[in-house]
Structures are given as structure tokens and as C-alpha cells.
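Some notes on the structure that comes next.
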Amino acid sequence: MAKIEYSNQEKKTLRKMFWNSGYVFAGFNMVKMEGNAFALTMAPVLEELYTNEDERKAALKRHNGFFNTHAVMFALIAGITYALEKEKKTKNSVDDDTIESIKAALMGPTAGIGDAFFFNCLRIIAAGIGIGFCSQGNILGVVMFILIYGFSQIIARWYLLRAGYTFGTTFIDSVFESGLMEPLTKAAGIVGLTMVGAMVATMVNVNLAWTINVGETSVVVLDVVNSIMPGILSIGLIFVLVKLIKKGVKPITLVFGILIITIALAFFGIF
Amino acid sequence: MIQSGLLCALAWLLVNGIDRLLSWQTCTRPIVTATVTGFLLGDLQTGIIMGASLEAIFMGISAIGGSIPADACASSIVAVAFTVLVGADVETGLALAIPIGTIMASVNEIMKPFLASFAPYWERLCATGNAKSLKIQLTFFGLFVDRMAQAVILFLAIAFGVEGLQAFIASLPAWIMSGLGAASAMMTGIGFAILTSMIWNKEIGVFFFAGFVLAKYMALPTLAIAILAFTVAVMYFLTQKQIVELKKNGTKLASTDNETEDFF
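Going down the list, the protein sequences come from chains A and B. Letter by letter, the first sequence follows residues 1 to 271 of our numbering. Letter by letter, the second sequence follows residues 272 to 535 of our numbering.
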């Protein structure tokens with residue numbers, strides 16, 4: 001990758017972003033997952049780029065959407081998003097939907113890579129070395145574990161953040177010059193929506209426990225519904241929610257709505 | 272025992288707090304947690320040795336695929352605490368630790384809808400644009416609120432024994448637990464719905480279903496789906512690129528045509 005000289009302002013923003021990117025698990029919740037941390041990580045960028053207060057507020061709220069990936073790869077996407085936001089402000093070549101599509105397209109695959117490398121590989125190596133020392137009562141094992149598994153992630157986060165920004169800037173520049181921004185937006189949308197569909201399939205579950213007893217036989221409703229199409233309830237749930245959100249129903253209503261409905265239905269044995 | 276209970280709750284908050292402010296899942300691993308607990312309870316050596324065996328036990332048990340059988344971090348704290356305080360051997364400590372780990376796993380489930388109900392609060396906070404306040408409150412949440420309920424339960428378990436807690440969890444009606452579990456699995460849908468409504472586009476919306484089918488019916492791993500989607504996206508992009516270039520050249524040709532006509 002070409003070496004890029006960062007301006008002082010860029011260095012300052014990247015440094016602030018790096019510290020904020022440590023908050024991936026703080027304020028984690030099932031609705032937005034890492035959305036809080038992503039908004040916080042983008043805050044220095046918005047501070048730098050947006051002079052209009054109202055636009056900045058709207059952008060911070062936009063980055064508080066659903067976000068979920070591996071904690072280290074999080075920084076890479078944040079770096080790319082920094083580059084995108086900058087392009088949006090300085091050249092007006094990128095719009096909000098493009099930024100959200102690219103974020104959605106990247107979070108699934110990067111999560112897979114991050115988990116495979118850090119959680120399933122590096123953690124096992126670090127634990128293997130650590131256990132060897134610790135079983136003899138040597139505290140060096142704990143130190144080694146933290147160094148290999150913990151500090152490697154901090155260093156990786158720092159470099160991936162910068163790499164994401166550099167890559168984003170050079171890549172978007174070349175695309176913009178060739179006038180291919182609109183096809184690129186659509187292409188990113190294709191990957192983004194496919195990944196959202198895949199994540200809905202694996203992460204959103206409507207677990208009906210409902211069985212209807214007819215005489216001697218009992219019918220498990222979930223099996224009947226799934227025999228029409230597996231996961232049809234998840235898709236149904238998503239599109240009902242999309243419809244409600246487009247109608248302007250607030251997320252808080254949806255959160256408590258789901259909570260009350262499921263517990264009430266669980267009382268009757270439906271969930 | 273009250274003092275040791277407080278120390279164990281402190282160990283829990285400490286390792287969880289550090290992990291939450293550094294994006295780590297390092298200090299909550301048994302090898303570190305057990306050492307920290309041992310140190311706080313005044314027997315570092317036992318903590319280190321137990322950390323090794325606890326890490327080996329919990330190494331294969333990970334959160335991938337949904338339900339976690341037992342919370343590794345809480346189990347480690349309780350195992351070390353019982354070994355150091357009661358003088359039990361490692362096996363007994365572990366036998367006592369697994370029940371509290373399972374209780375903690377249920378508590379984590381109960382806490383999920385509670386924490387999810389804060390999502391609209393964070394959104395409002397972001398809409399005010401006050402990044403400093405967002406950071407302070409997220410720090411406070413990461414250090415205390417996110418994991419406080421578990422710390423209280425850990426304290427009660429060490430100070431007053433595990434049996435009472437087990438009875439309490441068992442006395443909760445089953446429908447409350449299953450309702451809460453179903454709710455947290457559905458709440459993730461709200462986040463996805465917001466995201467979908469943002470990037471949905473009639474031309475490409477159908478790809479949502481392609482992704483769903485690839486994951487649900489074919490059970491492909493995420494990376495495989497991403498590569499397939501990427502292939503289609505590249506094909507789409509290159510076709511569009513040709514169209515853009517054709518349009519450019521087309522207008523050029525047309526203009527030269529005009530010139531020749533003028534010439535004649």
C-alpha cells in the first residue's frame with residue numbers, strides 16, 4: 001500500500017478514533033450491538049469534518065445504527081468510514097446510503113476473518129503458552145497470555161484503522177475520477193443486503209414453543225411453519241419492523257412492544 | 272465471608288471493566304481472571320495454578336452458536352474463591368463453580384432485554400451530538416452498569432452460599448425465562464430492520480433473500496456468502512462500467528457525427 005503522509009489534523013483524528021475504538025463492548029446491546037461504540041469512534045471524524053451543527057448531530061445519530069463485527073476489524077471499517085465521510089464532505093461524491101451499504105457489506109466477512117484469526121487461532125496459541133507456565137505457578141504465563149492475545153489486538157487495531165483510512169482514500173479517489181460512483185454504490189448495496197439477509201438468517205430467531213394438542217396428536221406450530229419455508233417467521237418479523245420504522249414508529253416502542261408481547265405470549269405457552 | 276464476597280465482586284468488575292474499555296476479551300478469560308481473583312484474595316499462587324486448569328477446561332467452550340453453557344469468567348472467580356477460602360482442592364472448587372457459571376449464563380440472558388431497552392436512549396443521546404457526554408456515559412456503562420447485576424449475584428453467592436440462588440432461579444416461572452430469551456433473539460431484528468430500511472433499494476432488494484437462503488438453507492459460513500455476493504457485485508460493477516464507458520464514447524461519436532455533417 002502506498003505510504004501516505006498524514007496531515008496533523010488527520011493524525012489527531014486517527015489518534016482519537018483509536019482510543020474510542022476500545023469501547024466496542026461498552027454499552028453493547030441486542031438492538032444495535034456495537035452501534036454505540038461505532039458512533040463514539042466516528043465522533044472525532046464528525047468533529048473534524050462537519051461545521052454545521054445539525055448535520056453533525058444527524059451524522060452521529062446515523063452512525064448509531066446496527067453494527068457488529070470483530071473488535072479488531074471494527075477499526076478497519078472505522079478507518080474506511082472516515083475516508084468515506086471525508087469524501088462526502090469535501091467532494092460530495094458519496095452519499096449516506098453508500099456509507100451505510102459499505103459498512104453493512106464489510107461487517108459480516110470481517111467478523112468471520114477476525115474470529116478465525118484472533119479467537120480461534122491466536123487465543124489458542126496464547127493459552128497454550130500461558131497454561132504451560134501457569135501450571136508451574138509461574139506468573140509469566142499470565143503476562144505472556146495478555147501480551148500475545150491482548151496487546152496484539154491493540155496493535156492490530158491501530159494499524160488497521162490507519163490502513164482502512166489510507167485504502168479508503170486512494171480507492172474512492174480513483175473510483176470518483178472515473179465517474180463510477182453510482183455503480184459502486186449499487187455493487188456495495190448488493191453485498192450489503194446479501195450480508196444483512198445472511199445475518200438475519202443466523203441471528204434473528206422467532207422461537208415459537210407453541211404446540212396444539214388435537215386429541216391424541218400434538219402439532220408443533222414452529223415445525224409446521226418452517227416446513228413452508230425455514231425461517232419464514234424471521235423474514236416476516238424483519239419486514240413488519242421495516243414497515244413500522246418507515247411509518248415512523250420509534251425504536252423504544254418496538255423494544256418494549258416485543259418484550260411485552262413475547263412475555264405475555266410466553267405465559268400462554270406460545271413462546 | 273462478606274469481605275471475600277466484595278473482593279470477588281471487585282475482581283469481576285475489574286476484569287470486565289478493563290475488557291470493555293480496551294475492546295478485549297482477554298482479562299475475562301479464566302487464566303487472567305483466576306490470577307486476579309487469587310491476588311485479591313491473598314493467594315496469588317493458587318490463582319495462577321487454577322487459572323491454567325480453568326483455561327484448559329473453558330478453552331473449547333465458546334459463545335459461537337448461541338447458548339453458552341456456563342459463564343467462564345464467573346465460574347473461574349467462584350472456583351478460585353472456594354479453593355482459597357474453604358481450602359477445597361481444585362476439583363471441588365470446580366464442581367462448585369459450574370452451578371454459579373450456569374446461573375450467571377441465565378442472568379446474562381435476563382439482562383439482555385434490559386440493556387436492549389437502553390438502545391433508544393443512546394440514539395437520543397447521539398441525536399444531541401454531544402460526543403463527550405456519550406463517551407462519559409459509555410465509560411460508566413462499561414465499567415458498572417453492563418455487568419453490575421452479575422457482580423451483585425457473585426457477591427451474594429460467595430457471602431451467603433450458592434444454594435439459595437439456585438433455588439431462586441429455579442423458582443422463577445419457566446415462561447419468564449423463555450419469554451425473555453425469545454425477546455432478545457427478536458430484538459436483534461430491530462437493528463437489522465433499521466439497517467435494511469436504510470440500504471434497501473428496489474433494484475437490488477432481492478439480494479436480501481439470496482443471502483437469507485445461502486445462510487439458512489445451505490448453512491454456508493459468512494465468508495463464503497460474502498465471496499459469492501462479492502462475485503455478483505463485481506460482475507454487476509463491470510457491466511455498469513461498460514455501460515458508462517459506452518455512453519461516454521457514444522456521445523463522443525454522436526458529436527463527431529454532427530461535426531462531419533456540419534462540414535459537408
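Glycine included, every Cβ here is placed at the ideal spot set by N, Cα and C. Only a predicted model underlies this, so the values are computations on that prediction, with no experimental measurement involved.
Sheet register partners of A:PHE67 (DSSP bridge): Beta-bridge partners assigned by DSSP to A:PHE67: A:MET33.
Close-in-space but distant-in-sequence residues of the same chain around A:ASN207 (CB under 7 Å, 5 per side omitted): By the criterion of a C-beta distance shorter than 7 Å, A:ASN207 is surrounded in its chain by PHE271, once the five residues flanking it on both sides are discounted.
Partners in chain B for A:TYR149, counting only beta-carbon separations shorter than 7 Å: Using a Cβ-Cβ cut-off of 7 Å, A:TYR149 is close to THR297 of chain B, given in chain order.
B:SER338 in three-state terms, based on DSSP: A caution first: B:SER338 carries a pLDDT of 48, below 50, which makes its placement in the model unreliable, though a value can still be read off. DSSP places B:SER338 in coil when its eight states are reduced to three.
Per-residue DSSP class, three states only, for B:MET457: Of the three classes helix, strand and coil, the one that applies to B:MET457 here is helix, per DSSP.
Option in B:ALA341, B:ALA368, B:ALA343, B:ASP342 with minimal Cα separation from B:ALA352: Distances from the alpha-carbon of B:ALA352 to those of B:ALA341, B:ALA368, B:ALA343, B:ASP342 put B:ALA368 closest.
A:SER174 in three-state terms, based on DSSP: It is helical.
A:ASN213: first and last residue of the uninterrupted beta strand (DSSP E) it sits in: Note, A:ASN213: beta strand (DSSP E), 211-214.
Cβ-based burial, B:CYS298 [other Cβ within 10 Å; buried from 16]: Answer is buried; the Cβ neighbour count reaches 16.
Alpha-carbon to alpha-carbon, A:ARG56 and B:PHE329: About 45 Å.
Simplified DSSP assignment, three categories, for B:THR493: Look at B:THR493 here: in three-state DSSP terms it is helix.
Bounding residues of the beta strand (DSSP E) (the contiguous stretch that carries B:SER388): Where B:SER388 is concerned, there is no enclosing beta strand (DSSP E), given that its DSSP letter is neither H nor E.
Cβ-Cβ distance between B:LEU278 and B:LEU311 below 8 Å: Yes; because the gap between Cβ atoms is below 8 Å, this pair is in contact.
A:VAL220 - partner residues in DSSP beta bridges: A:VAL220 has A:THR211 as its beta-bridge partners, per DSSP.
B:SER260 at chain A interface by Cβ criterion, 8 Å: Beyond the ends of chain B as shown, which are 272 and 535, falls residue 260 of chain B; an answer cannot be given.
Beta carbon proximity, B:GLU362 to chain A, threshold 8 Å: Not an interface residue.
Exposed unless 16 or more other CB atoms sit within 10 angstroms - verdict on B:ALA334: The predicted position of B:ALA334 is uncertain, since its pLDDT is 46 and thus under 50; a value taken from the coordinates is nonetheless stated next. With fewer than 16 neighbouring CB atoms inside 10 Å of its own CB, B:ALA334 falls in the exposed class.
From A:PHE28, A:LEU46, A:VAL249, residue whose alpha carbon lies closest to that of A:LEU60: For A:LEU60, the nearest C-alpha among the options comes from A:LEU46.
Any C-beta of chain A under 8 Å from that of B:VAL349: Closer than 8 Å: no.
Inter-stretch contact at 8 Å, needing at least 3 Cβ pairs: the region 449-469 of chain B / the region 73-85 of chain A: Judged by Cβ distances under 8 Å, the region 449-469 of chain B makes no contact with the region 73-85 of chain A, as fewer than three pairs qualify.
Between the CA atoms of B:THR410 and A:THR67 - distance to the nearest angstrom: According to the sequence shown, residue 67 of chain A is Phe rather than Thr. Those two C-alpha atoms are separated by around 19 Å.
8 Å Cβ shell around B:ASP360 - same chain, five flanking residues per side excluded: The beta carbon of B:ASP360 sits closer than 8 Å to those of THR354, all from its chain and outside the five residues before and after it, given in chain order.
Helix, strand or coil at B:TYR392 [DSSP, three-state]: For B:TYR392, the three-state secondary structure derived from DSSP is helix.
Through-space distance from B:LEU494 to A:TYR23, alpha-carbon basis: Rounded to whole angstroms, A:TYR23 to B:LEU494 spans 25 Å at the Cα level.
6 Å CB neighbourhood of A:LEU76 in its chain, flanking five on each side removed: Once the five neighbours on either side are set aside, the close Cβ partners of A:LEU76 are LEU160, GLY164.
Contact check, A:MET42 vs B:GLY462, beta carbons under 8 Å: Remark: C-beta atoms of A:MET42 and B:GLY462 do not approach each other more closely than 8 Å.
Test item: CB-CB of A:MET144 and A:ALA111 under 8 Å: At least 8 Å separates the beta-carbon of A:MET144 from that of A:ALA111.
Same chain only: Cβ atoms within 7 Å of A:ASP96, ignoring 5 sequence neighbours per side: Non-local beta-carbon contacts of A:ASP96 in its own chain, meaning distances under 7 Å to residues more than five positions away in sequence, involve ARG62 in chain order.
For A:PRO109, three-class secondary structure by DSSP: In this structure, A:PRO109 counts as helix in the three-state DSSP scheme.
Backbone CA spacing between B:SER476 and A:ILE146 [nearest angstrom]: The question names Ser, but residue 476 of chain B in the sequence shown is Gly. Those two C-alpha atoms are separated by around 44 Å.
Whole alpha helix (DSSP H) elements within the region 125-179 of chain A, 4-residue minimum: Whole alpha helix (DSSP H) segments, 4+ residues: 140-145, 152-177.
Any chain A beta carbon closer than 8 Å to B:GLY309: It does not; no Cβ of chain A falls within 8 Å.
DSSP state of B:GLU434 mapped onto helix, strand, coil: Note: B:GLU434 maps to helix in three-state DSSP.
Minimum Cβ-Cβ distance from B:GLY400 to chain A less than 8 Å: Chain A contact via Cβ: present.
Beta-carbon neighbours of A:LYS57, restricted to chain B and to distances below 7 Å: Listed along the chain, the chain B residues whose CB falls inside 7 Å of the CB of A:LYS57 are ALA398, THR399, GLY400.
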